[in-house]
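I have placed the structure first, in the form of structure tokens, so that the comments after it can refer back to it.
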Amino acid sequence: MNNAKYEKELEDLREKLNKDVVKYIEHGSKEEYKDLLTKSRELDEAIVKHIKSLNK
């Protein structure tokens with residue numbers, strides 16, 4: 001995957017994470033918290049994948 005694709009993936013994941021943060025702040029339910037953690041993990045994994053690709 002090239003840098004532009006990684007950057008797009010990271011931006012999309014950041015946007016999803018931001019939306020989940022807002023939902024959690026507004027409602028604070030256990031389900032929103034789980035969604036927030038899931039999106040955070042996805043973003044972390046994408047960042048690690050991107051860094052590994054740069055080091056190749």
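full-length UniProt numbering puts the first residue of the sequence shown at 1, with every later residue one more than the last. We put the CB at the ideal spot given by N, CA and C, even for glycine.
Through-space distance from residue j to residue i, alpha-carbon basis
i, j, result
"histidine 50", "lysine 8", "11 Å"
"serine 29", "leucine 37", "13 Å"
"asparagine 3", "glutamate 31", "33 Å"
"lysine 5", "tyrosine 33", "28 Å"
Residue burial classification, residue i (beta-carbon count within 10 angstroms, cutoff 16)
i, result
"lysine 39", "buried"
"aspartate 20", "buried"
"leucine 54", "exposed"
Three-state secondary structure (DSSP) of residue i
i, result
"asparagine 55", "coil"
"asparagine 2", "coil"
"serine 29", "coil"
For residue j and residue i, believed in contact at Cβ under 8 Å, the rounded distance
i, j, result
"leucine 17", "alanine 46", "About 11 Å separates the two Cβ atoms, so there is no contact after all."
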